[in-house]
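First comes the structure, then the notes that go with it.
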Amino acid sequence: MLQLLLFCNADRVFMTSGIKMWYAALVRFIRRRLVLGIIFASSLTYCIVSLLKEGHSRNMIYQDISIERKPFVWRTLQEHNETSDTICRNSVQGKSLLVDDRGYVCQRADMAKNGCCTVDAEHTQRYSCVSCHENSCCVIYEYCVSCCLDPKKRSMLEVVLSKLSAEENVLFHTITDDYELCLTKCRTSSHSVLHENSYKDPSLKHCFGERQPETKPD
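For the sequence shown, the working numbering assigns the number 565 to the initial residue and increments by one for each residue that follows.
So this is what it looks like as structure tokens:
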């Protein structure tokens, strides 16, 4: 009888110890999960707050830049012509073609020492819209710039400038005249982009107007 009683007490002690061990393990598990949950929630909150602050800071920068936009000068046809005896700016990077700040497109071999296109060269053209479509998108960059520089396009370009987004304002805020505008617009127009790394129409990727090119099917 005594042995049975001792056995029962030992079994009860063993069960109590087991329960305590399981309870302790459960508490440790819950604590660990709780700590991990707190860490995750804190990290997520930090990321969200950081993104919001970054977005706010970026908007402030865009606002400051738009306020500090340099004075923009629309040059007249006479002012385009006045650079003929001085130094011209030109598009530089073209392998075979160049466009100068007077609106002339010429062969690289026909560029004078002052950076201007030779006006009486056989293939030199002014305000040429060769390779450009009615939507103001062009196949060839130099013709896009030349077409864009036509004084008749000024009213359209004024509309384009008035509708720049905050991001575009960052890109265009250093531009001071129509030549710089056309160089930049033909090179970086968002109207021709479908996604970040693809074009709506790969053959018409140089655009300066307000209308968007139609997406070309694959």
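The beta-carbon is built from N, C-alpha and C at its ideal position, and this holds for glycine as well.
DSSP bridge partner residues for residue i (one or two, in chain order)
i, result
"Gln657", "BP columns for Gln657 are empty, so no partner."
"Val663", "Val669"
"His770", "Cys702"
"Cys711", "Note: Cys711 sits in no beta bridge, so no partner."
"Met675", "Cys681"
"Asp741", "Val637"
"Cys696", "Cys702"
"Arg690", "Tyr668"
Span separating the alpha-carbon of residue i from that of residue j
i, j, result
"Asp628", "Tyr705", "For Asp628, the predicted structure reports a pLDDT of 48, less than 50, and the residue's modelled location is therefore unreliable. The matter cannot be settled from this model."
"Leu608", "Thr748", "39 Å"
"Arg639", "Phe604", "58 Å"
"Pro635", "Asn699", "28 Å"
"Cys611", "Lys617", "10 Å"
"Thr752", "Val613", "32 Å"
"Thr650", "Glu731", "35 Å"
"Leu768", "Ser692", "16 Å"
"Tyr707", "Ser606", "55 Å"
"Cys701", "Ile602", "54 Å"
"Ser630", "Val734", "Below a pLDDT of 50, predicted positions are generally treated as unreliable, and Ser630, at 46, falls in that range; the measurement from the model is reported next regardless. The alpha-carbon atoms of Ser630 and Val734 are separated by roughly 7 Å."
"Lys716", "Ser710", "12 Å"
"Ala673", "Gln657", "13 Å"
"Arg596", "Met585", "16 Å"
"Cys750", "Leu662", "14 Å"
"His770", "Arg690", "18 Å"
"Tyr668", "Leu713", "9 Å"
"Ser695", "Met675", "21 Å"
"Cys670", "Ser729", "33 Å"
"Leu598", "Leu615", "26 Å"
"Ser719", "Asp664", "21 Å"
"His697", "Val703", "9 Å"
CA nearest to the CA of residue i, picked from the options
i, options, result
"His687", "Ser660, Lys769, Asn699 and Pro715", "Ser660"
"Leu721", "Val637, Cys701, Leu598 and Glu774", "Glu774"
"Arg666", "Lys727, Cys696, Cys652 and Arg595", "Cys652"
"His737", "Arg596, Arg597, Val637 and Gly601", "Val637"
"Lys727", "Asp664, Phe772 and Asp674", "Phe772"
"Leu725", "Asp664, Ile739 and Val663", "Ile739"
"Lys677", "Ser695, Cys696, His697 and Asn654", "Asn654"
CB contact check: residue i to chain B, cutoff 7 Å
i, result
"Ser607", "Annotation note: the requested chain B is absent from the structure, which comprises a single protein chain."
Cβ contact check for the stretch 670 to 689 and the stretch 735 to 744: 3 or more pairs under 8 Å
Not touching, per the Cβ criterion.
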